[in-house]
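One structure is given below, encoded as structure tokens.
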Amino acid sequence: MGISNSELVLLIHLISFMHRASAKIFPSIDSLAERMNQDRRTIQRTIQRLEDKELIRKRVRSTGKTDVGMSNVYDISPLMLKLINIQLPTMSPPPNTHTCPKCKKFAKSESDIERLFGYRR
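Listed below in structure tokens is the structure:
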């Protein structure tokens, strides 16, 4: 994927703020800088590089009409999609087999499934 160590570490920290799959990720730049022991500006540049590589999306989250209280929400779904696309070609399709949980008969083809279990797909 062509990312640097600092980009990888930042991604790991962003993911650590996800408490469930649908959770929004909105750590402050200061929180990320403190966790990574980096300068605020370094974190901002790293985030920008991740956006440029289309691994994350950043959206400003405002609590009012002024800049006070503004934070960013980070979307890592572009990263997840890239990881899935990297993994999919290497995955082998599931075997076309079936084992009956009761009688433990084993079928390894469509015709075996139909013959042994009377089931058509």
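Take the sequence shown: its position 53, counting from 1, is numbered 53 in full-length UniProt numbering, and each next residue is one higher. For every residue, glycine included, the Cβ atom is placed at its ideal position computed from N, Cα and C. Owing to the predicted nature of the structure, the values given are computational and were not obtained by experimental measurement.
| Query | Result |
| --- | --- |
| Spatial neighbours of M18 within its chain, please: C-beta separation below 7 angstroms, excluding the five flanking residues on both sides. | I25 |
| In its own chain, which residues sit with a C-beta less than 7 angstroms from the C-beta of E7, not counting the 5 before and 5 after it? | T46, R49 and L50 |
| Given that a residue counts as buried once 16 or more other Cβ atoms are within 10 Å of its Cβ, and exposed if not, what is I86? | exposed |
| Excluding the 5 residues preceding and the 5 following T97 in the sequence, name in chain order all residues of the same chain whose CB lies nearer than 8 angstroms to its CB. | F106, A107 and K108 |
| Buried or exposed, going by whether 16 or more other CB atoms sit within 10 Å of the CB of I12? | exposed |
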